[in-house]
Amino acid sequence: MTSPQPHITVIGAGIIGMATAAFLQRAGHQVTVVDRLPPGEGCSFGNAGGIAFGEIMPTIHPKIFTKIPGWLLDPLGPLTIRWRYLPKALPWFLAAARNTTSKRIAAITAARAALGLRAVADFETLLKAAGSHDLMVYRETLRVFDSKAQFEAEAEERRVKAEHGFSCEVFSGDEAREMEPALSPHISHGAFHGGWFFVKNPERVVKSLAAEFLRQGGKIIQDDVARIEVVDGKAKILQLKTGAPISLDRLVVCAGAYSHLLAKQLGDHALLEAERGYHIVLPNSGVSVSRSITYARTPGAATPMEMGLRLAGTDEFAGLDAAPNYKRADALYKVFKQIFPNLNEPDEQATRWMGRRPGTPDSLPVIGPSPRISNVWYGFGHGHMGLTWGPTTGRLLAEMISGKPQNIDMTAFRIDRF
Ligand SMILES: Cc1cc2nc3c(=O)[nH]c(=O)nc-3n(C[C@H](O)[C@H](O)[C@H](O)COP(=O)(O)OP(=O)(O)OC[C@H]3O[C@@H](n4cnc5c(N)ncnc54)[C@H](O)[C@@H]3O)c2cc1C
Numbered sequence: 152m153t154s155p156q157p158h159i160t161v162i163g164a165g166i167i168g169m170a171t172a173a174f175l176q177r178a179g180h181q182v183t184v185v186d187r188l189p190p191g192e193g194c195s196f197g198n199a200g201g202i203a204f205g206e207i208m209p210t211i212h213p214k215i216f217t218k219i220p221g222w223l224l225d226p227l228g229p230l231t232i233r234w235r236y237l238p239k240a241l242p243w244f245l246a247a248a249r250n251t252t253s254k255r256i257a258a259i260t261a262a263r264a265a266l267g268l269r270a271v272a273d274f275e276t277l278l279k280a281a282g283s284h285d286l287m288v289y290r291e292t293l294r295v296f297d298s299k300a301q302f303e304a305e306a307e308e309r310r311v312k313a314e315h316g317f318s319c320e321v322f323s324g325d326e327a328r329e330m331e332p333a334l335s336p337h338i339s340h341g342a343f344h345g346g347w348f349f350v351k352n353p354e355r356v357v358k359s360l361a362a363e364f365l366r367q368g369g370k371i372i373q374d375d376v377a378r379i380e381v382v383d384g385k386a387k388i389l390q391l392k393t394g395a396p397i398s399l400d401r402l403v404v405c406a407g408a409y410s411h412l413l414a415k416q417l418g419d420h421a422l423l424e425a426e427r428g429y430h431i432v433l434p435n436s437g438v439s440v441s442r443s444i445t446y447a448r449t450p451g452a453a454t455p456m457e458m459g460l461r462l463a464g465t466d467e468f469a470g471l472d473a474a475p476n477y478k479r480a481d482a483l484y485k486v487f488k489q490i491f492p493n494l495n496e497p498d499e500q501a502t503r504w505m506g507r508r509p510g511t512p513d514s515l516p517v518i519g520p521s522p523r524i525s526n527v528w529y530g531f532g533h534g535h536m537g538l539t540w541g542p543t544t545g546r547l548l549a550e551m552i553s554g555k556p557q558n559i560d561m562t563a564f565r566i567d568r569f
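Just so we're aligned: 517 in my numbering is position 366 of the sequence shown, and the numbers increase by one with no gaps anywhere.
In structure tokens:
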């Protein structure tokens with residue numbers, strides 16, 4: 152007789168938590184997910200929809216670092232720090248700076264490339280099982296440039312991507328416009344990113360995984376996890392804000408930008424900042440594009456979604472609780488108006504949103520066991536790439552928890568690296 156599989160509790164019903172719950176369930180475990188919000192209503196709700204597996208360079212690298220001072224002068228620019236928050240964010244930025252040596256950049260790039268290897272296949276596994284495979288659009292995202300100098304400034308990045316097997320096709324401005332006639336005549340060059348598809352509705356992706364998880368016998372509890380109780384080196388009880396305590400067999404923390412707070416309760420330390428991003432959705436954009444488009448002048452993406460054209464991006468360091476500044480969402484309209492001359496002004500149907508990316512200073516997530524608490528695993532810190540790497544993270548965690556080998560080296564993702 153075989154002993155029953157351990158029961159697993161997952162904190163967080165974002166893309167990471169739901170993908171982890173789904174892969175654990177596929178491995179035969181009974182799984183309960185706890186989240187204070189309904190599935191897919193945290194950061195995973197409003198991202199740009201990019202399955203951007205070719206984005207292997209770290210988010211913060213030396214070239215970005217040189218641009219930061221200029222960006223910081225503009226409160227509506229691509230990156231902003233609310234000045235009162237700076238002392239709190241300083242350790243994170245110092246760690247980010249330490250990760251910009253060429254040796255660290257090479258190691259981080261290799262680890263990100265490894266995570267991207269099976270991103271699409273793992274996504275397909277979950278979407279097909281959930282009956283929502285139609286949400287994935289297999290059309291390469293187009294990057295557009297204003298000038299030859301801007302295009303050539305990214306030649307090295309394209310070379311590194313190609314070296315890792317993520318080749319970027321390049322185009323003239325006319326070829327880019329042939330693909331996407333809505334683009335401005337001033338666009339001089341285009342390029343694919345080396346691997347970047349998109350989904351038509353990121354919220355529906357997570358909700359469809361949650362629906363399938365429930366159909367297969369999983370349980371979702373909507374409540375706030377107030378405290379994790381540890382007894383004899385094991386996480387034993389989840390104290391909830393309103394519901395009855397949950398007794399724990401094994402626990403996985405996938406709580407997005409809040410994960411470090413839960414890890415701290417367990418004695419584990421992670422440097423995590425909420426990299427707050429914004430979107431504006433224009434149901435009446437007046438622009439028709441067949442793919443997601445990024446603009447080299449400023450970070451962000453314009454993605455055609457079920458609900459309209461979603462302009463998403465920007466990075467704001469202001470902590471978890473500061474009120475959103477929706478002027479940053481409107482600033483995205485001004486950015487994309489530069490490349491889509493016919494883009495209509497936001498009307499009363501336009502919607503704005505802010506989400507907290509769980510960002511680490513080395514642009515790598517935490518995936519793996521707690522070194523202190525023997526029945527706890529972590530899956531968080533995916534920053535700008537959580538949608539892309541969510542399903543792969545879920546598979547890797549399910550393999551680890553089930554005692555199976557992983558297809559990639561997991562060292563770079565350990566929590567005790569901070
Ligand atoms: C503007 C923008 C654009 C982006 N574009 C892309 C993109 O194109 N491609 C890409 O791959 N990624 C993108 N991202 C990043 C991606 O959205 C995130 O990395 C991803 O959503 C993180 O998923 P998560 O499951 O870790 O977090 P979340 O979705 O935030 O889920 C965590 C969950 O944990 C719950 N939780 C936390 N603490 C507790 C507690 N104590 N008790 C109960 N519940 C708790 C929260 O309620 C939340 O639902 C973008 C992000 C933004 C903001």
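C-beta atoms are modelled at their ideal positions from N, C-alpha and C, and glycine is treated no differently.
Own chain partners of residue i with C-beta closer than 8 angstroms, once the 5 adjacent residues on each side are dropped
i	result
leucine 286	Leu278, Val350, Lys351, Asn352, Arg355, Val356 and Ser359
tyrosine 236	Phe468, Ala469, Gly470 and Ala473
leucine 188	Ala164 and Gln373
methionine 152	No answer about methionine 152 holds up, because its pLDDT of 46 lies below 50 and its placement is not dependable.
glutamine 557	Leu547, Glu550 and Met551
glycine 451	Ala199, Pro229, Thr445, Leu462, Ala463, Gly464, Thr465, Leu483, Val486 and Phe487
alanine 362	Ala281
glutamate 457	Lys351, Asn352 and Arg355
glutamate 326	Gly341
Run of the alpha helix (DSSP H) containing residue i, from where it starts to where it stops
i	result
glutamine 390	It is not in any alpha helix (DSSP H) - glutamine 390 instead sits in the beta strand (DSSP E) that spans 385-391.
glutamate 329	324-330
tyrosine 484	478-488
alanine 408	Here alanine 408 belongs to no alpha helix (DSSP H), and DSSP marks it neither H nor E.
alanine 425	Unbroken run through alanine 425 is the beta strand (DSSP E), 424-433; no alpha helix (DSSP H).
glycine 545	537-552
arginine 235	Counting along the chain, arginine 235 falls outside any alpha helix (DSSP H), and DSSP gives it neither H nor E.
proline 353	353-366
aspartate 273	270-281
arginine 448	No alpha helix (DSSP H) holds arginine 448; DSSP gives it neither H nor E.
leucine 175	166-177
phenylalanine 296	Per DSSP, phenylalanine 296 belongs to no alpha helix (DSSP H); it is in the beta strand (DSSP E), 293-296.
Sequence-distant residues of the same chain with beta carbon closer than 6 angstroms to residue i, five excluded per side
i	result
threonine 109	Past the edges of the chain, shown from 152 to 569, lies residue 109, and the structure says nothing about it.
isoleucine 166	Ser195, Val357, Gly537, Leu538 and Gly541
glutamate 320	Phe343
isoleucine 371	Val184
proline 520	Trp528
arginine 309	Cys319
arginine 568	none
threonine 393	Asp374
isoleucine 559	Ala265
asparagine 476	none
For residue i, the first and last residue of its enclosing beta strand (DSSP E)
i	result
aspartate 186	182-186
alanine 257	Careful: alanine 257 lies outside any beta strand (DSSP E), inside the alpha helix (DSSP H) at 253-267.
isoleucine 219	Note, isoleucine 219: premise wrong, no beta strand (DSSP E); alpha helix (DSSP H) at 213-223.
lysine 312	Premise fails: lysine 312 lies in the alpha helix (DSSP H), 306-314, not in any beta strand (DSSP E).
glutamine 373	370-373
phenylalanine 348	348-350
glutamate 380	376-382
phenylalanine 468	459-468
arginine 508	502-510
methionine 561	That residue, methionine 561, is in no beta strand (DSSP E); it is neither H nor E in DSSP.
alanine 342	340-343
phenylalanine 302	Note, phenylalanine 302: premise wrong, no beta strand (DSSP E); alpha helix (DSSP H) at 299-303.
threonine 160	159-162
Neighbour-count burial assignment, residue i, 16 or more Cβ in a 10 Å radius
i	result
aspartate 112	The first residue shown for the chain is 152 and the last is 569, placing residue 112 beyond what the model contains.
alanine 264	buried
tryptophan 347	buried
leucine 241	exposed
leucine 515	buried
aspartate 225	exposed
tyrosine 289	exposed
threonine 276	buried
alanine 480	buried
leucine 334	buried
threonine 543	buried
proline 238	exposed
Own chain partners of residue i with C-beta closer than 7 angstroms, once the 5 adjacent residues on each side are dropped
i	result
isoleucine 256	Pro209 and His212
histidine 337	Asp297
serine 436	Gly459, Leu460, Leu494 and Asn495
glycine 384	Ile524 and Ser525
CB contact check: residue i to chain B, cutoff 8 angstroms
i	result
proline 475	Within the model displayed, chain B is absent; a lone protein chain is all it includes.
Checklist entry - Looking at C-beta atoms only, is the number of pairs between the region 415-433 and the region 503-510 that lie closer than 8 angstroms three or more? => result yes
Item to check | Stretch-stretch touch, CB-based, cutoff 8 angstroms, three pairs: the region 203-210 with the region 396-403 | outcome: no
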